[in-house]
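Chemist: Mind having a look at this structure? Questions to follow.
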Amino acid sequence: MATRRIAFRSLAALVVSGATLSILIKLADLDWRDYSRIGFHGFSLVVGLHILALLMRGWLMSQLSHKQNEGFAGTIAWVHLAARHQFIFTVLPTGLGDLLFPALAKRLVGRTTANAFSVIAQVRSRDLVMLITLALGGGLIIAGNKWVAAAFGIPALAVLFYSDKVFRLSLRIVRRPLPHGKLADFLEAVALSDPPKPFARLKLTLASILDWIFVTCSVVAAFDAIGQPVSVGVAMLFLAGINFFGALAISIGGLGISETGGAAALVLADRSVKNASALSLLTRPLLLVSMLSASVLIDLILTGAKLLHRR
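Heads up, the final residue of the sequence shown is numbered 291 in my numbering, and it's a clean run with no missing numbers.
What follows is the structure, given as structure tokens:
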């Protein structure tokens, strides 16, 4: 039954991705030769920034697992997990990648389902804070209100710093109306995880910010790679657009839906619909291929190192 659901969802995602991509291509009047604008050096820079983002995400996951004395080998295992999860998350229909995270965590880092769920849920809650900050901050920067954007970053920083408390409080609120059973006990076990100390909170906050700084820089580099440089504010809004839209609908790797979100963000940044659609169709697939390349590269290197160590 589960296999049928996954197959049906994958088919639906393919249809949605194909339909939305077709509409965008017609709006953009895009020539496939436009992709030849992308140079090797520009693409390599985007891949390099995505590798840095995955390294930071792996470290963040290792710290959120509340077992911080694993040493270098333990952190590398979490980086491996972050890369493999990102690849699966990208190629599967929306949401399925996160559902498979506990199984991946058990295999690669030996974590229980409760601990793995806690890690990925906290990562996603931090991602949500950062994406909202990027969307509002990018919009304010584009509108010429840089100081207002900077001021908005202060409460956002506070929410990110105490996001573990917000996470546990949210779990307890969800748990309260549930009858006693496996689900209620599971949520209770996750909510009772030990809160980090202030210095650990600071490290987690900085890791979350650095992760998204690398990703934002990759967007700036991607626009440069196609010969259409944009400001940091536009890159922030574009990044928020492709992620929010991609999370709202079933699609393969966000294809079609994410590009629509990116185009909408560029229209808000005062681009024409035709130009915004064309730029989104050039930039977002470049980011997608780059992230997949970064994930595969890390996975292959660490898998190879593990096999050599066993010999």
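Virtual Cβ for every residue (Gly too), placed ideally from N, Cα, C.
With 16 as the cutoff for other CB atoms within 10 Å, does Thr0 come out buried or exposed?
Modeler: Within the sequence shown, residue 0 is the residue found at index 20, counting from 1. Looking at its Cβ environment, which holds 16 or more other Cβ atoms inside 10 Å, Thr0 is buried.
Chemist: Sort Thr55, Ala63, Gly54 and Gln43 by Cα distance to Ala274 and report the nearest one.
Modeler: Residue numbering aside, residue 274 sits at position 294 when the sequence shown is read from its first letter. For the residues Thr55, Ala63, Gly54 and Gln43, the minimum Cα distance to Ala274 belongs to Ala63.
Chemist: Can you name the start and end residues of the alpha helix (DSSP H) that Ser257 belongs to?
Modeler: Here residue 257 corresponds to residue number 277 of the sequence shown, with the count starting at 1. Run containing Ser257: Val253 to Arg290, per the alpha helix (DSSP H) assignment.
Chemist: Tell me whether Gln66 sits in a helix, a strand or coil according to DSSP, three-state version.
Modeler: Numbered from 1 along the sequence shown, position 86 holds the residue referred to as residue 66. Three-state result, Gln66: helix.
Chemist: Using the Cα positions of Leu304 and Ala129, report the straight-line distance between them to the nearest angstrom.
Modeler: With the chain covering only -19 through 291, there is no way to say anything about residue 304.
Chemist: Take Val59 as the anchor and find which of Phe69, Leu76 and Leu88 has the nearest alpha-carbon.
Modeler: Position 79 of the sequence shown holds residue 59. For Val59, the nearest C-alpha among the options comes from Leu88.
Chemist: With a threshold of 8 Å on Cβ separation, who are the neighbours of Thr196 within its own chain once the five nearest residues in sequence on each side are excluded?
Modeler: The residue you call residue 196 lines up with position 216 of the sequence shown. So the qualifying residues of the chain are Leu114, Val212, Ala215, Met216 and Leu219.
Chemist: Per DSSP, what kind of secondary structure is Pro73 in: helix, strand or coil?
Modeler: If you number the sequence shown from 1, residue 73 lands on position 93. The answer is strand: DSSP assigns Pro73 an E or B state.
Chemist: Name the two residues that bound the continuous alpha helix (DSSP H) containing Leu80.
Modeler: Here residue 80 refers to the residue found at position 100 of the sequence shown. No alpha helix (DSSP H) holds Leu80; DSSP gives it neither H nor E.
Chemist: Do the segment 148 to 157 and the segment 199 to 210 touch if we need at least three Cβ pairs shorter than 8 Å?
Modeler: No, the segment 148 to 157 does not touch the segment 199 to 210.
Chemist: Just the Cα atoms here: how many angstroms apart are Ile278 and Val269?
Modeler: Reading the sequence shown from its first residue, position 298 is the one you call residue 278. Reading the sequence shown from its first residue, position 289 is the one you call residue 269. Approximately 14 Å between the Cα atoms of the pair.
Chemist: By Cβ distance below 6 Å, which residues in the same chain neighbour Phe194 in space, the five residues on each side in sequence not counted?
Modeler: Indexing the sequence shown from 1 puts residue 194 at position 214. Excluding positions up to five away in sequence, the list reads Leu29, Leu32 and Ala33.
Chemist: Would you kindly work out how many angstroms separate the C-alpha atoms of Ser143 and Ser105, rounded to a whole number?
Modeler: Residue numbering aside, residue 143 sits at position 163 when the sequence shown is read from its first letter. Residue numbering aside, residue 105 sits at position 125 when the sequence shown is read from its first letter. About 7 Å.
Chemist: In the DSSP assignment, find the alpha helix (DSSP H) that holds Pro159 and state where it starts and stops.
Modeler: Your numbering for residue 159 matches position 179 in the sequence shown. It is not in any alpha helix (DSSP H) - Pro159 carries neither H nor E in the DSSP assignment.
Chemist: Output the boundary residues of the alpha helix (DSSP H) element that contains Pro175.
Modeler: Within the sequence shown, the letter at position 195 stands for residue 175. Premise fails: Pro175 is in no alpha helix (DSSP H) and is neither H nor E.
Chemist: Where are the alpha helix (DSSP H) runs, 4 residues long or more, that stay fully inside the segment 189 to 244, in chain order?
Modeler: As far as the segment 189 to 244 is concerned, its whole alpha helix (DSSP H) runs of at least 4 residues are 212 to 228.
Chemist: Nearest-angstrom Cα distance between Ala131 and His160?
Modeler: For the purposes of this step, residue 131 is taken as the residue at position 151 of the sequence shown. For the purposes of this step, residue 160 is taken as the residue at position 180 of the sequence shown. The alpha-carbon atoms of Ala131 and His160 are separated by roughly 44 Å.
Chemist: Assign Ala57 to one of two classes, buried (16 or more other C-beta atoms within 10 Å of its C-beta) or exposed (fewer than that).
Modeler: For the purposes of this step, residue 57 is taken as residue 77 along the sequence shown, with counting starting at 1. With 16 or more Cβ atoms within 10 Å of its Cβ, Ala57 is classed as buried.
Chemist: Could you work out which residue in Leu262, Ser188, Ala227 and Val109 is closest to Pro209 when comparing CA atoms only?
Modeler: Looking up residue 209 in the sequence shown gives position 229. Nearest of Leu262, Ser188, Ala227 and Val109 to Pro209, Cα basis: Leu262.
Chemist: Can you tell me which of Arg17, Ile121 and Phe23 puts its alpha carbon nearest to the alpha carbon of Ser198?
Modeler: The residue you call residue 198 lines up with position 218 of the sequence shown. Nearest option by C-alpha distance: Phe23.
Chemist: Using a Cβ-Cβ cut-off of 6 Å (strictly less than) and excluding sequence neighbours within five positions of Thr93, which residues of its own chain qualify?
Modeler: The residue labelled residue 93 in the question sits at position 113 within the sequence shown. Closer than 6 Å at the Cβ level, and outside the excluded window around Thr93, lie Pro82.
Chemist: Let's see if you can read the secondary structure: which residues bound the alpha helix (DSSP H) around Ile122?
Modeler: On the sequence shown, residue 122 is found 142 positions in, with the first residue counted as 1. Ile122 -> alpha helix (DSSP H) spans Thr93 to Ile122.
Chemist: For Gly38, count neighbouring Cβ atoms within 10 angstroms of its own Cβ and tell me buried if that reaches 16, exposed if not.
Modeler: Locating residue 38 in the sequence shown gives position 58, where the first residue counts as 1. Answer is buried; the Cβ neighbour count reaches 16.
Chemist: When you compare each of Gly241, Val146 and Ala256 to Arg181 by their alpha carbons, which one comes out closest?
Modeler: Here residue 181 corresponds to residue number 201 of the sequence shown, with the count starting at 1. Considering only alpha carbons, the answer is Val146.
Chemist: So, are the CB atoms of Gly226 and Ile237 less than 8 Å apart?
Modeler: Here residue 226 refers to the residue found at position 246 when the sequence shown is read from its first residue. Here residue 237 refers to the residue found at position 257 when the sequence shown is read from its first residue. Yes, the Cβ-Cβ distance between Gly226 and Ile237 is below 8 Å.
Chemist: What does the alpha-carbon distance come out to for the pair Gly51 and Leu40?
Modeler: Counting from 1 along the sequence shown, the entry for residue 51 is found at position 71. Counting from 1 along the sequence shown, the entry for residue 40 is found at position 60. So the alpha carbons of these two residues sit roughly 14 Å apart.
Chemist: What's the call for Thr293, buried or exposed, on a 16-neighbour Cβ count within 10 Å?
Modeler: Look at the range of the chain in this structure, -19 to 291, and you will see that residue 293 is not part of it.
Chemist: Measure the alpha-carbon distance for Leu35 versus Gly133 and round it to whole angstroms.
Modeler: As a working note, residue 35 is residue 55 in the sequence shown. As a working note, residue 133 is residue 153 in the sequence shown. Going from the Cα of Leu35 to the Cα of Gly133 covers about 24 Å.
Chemist: Note the first and the last residue of the continuous alpha helix (DSSP H) segment covering Ser150.
Modeler: As a position in the sequence shown, residue 150 is number 170, starting the count at 1. Ser143 to Arg155 is the span of the alpha helix (DSSP H), which, as asked, contains Ser150.
Chemist: Is it the case that the Cβ atoms of Leu266 and Val26 are separated by a distance below 8 Å?
Modeler: To locate residue 266, count along the sequence shown from 1; it is residue 286. To locate residue 26, count along the sequence shown from 1; it is residue 46. Contact: yes.
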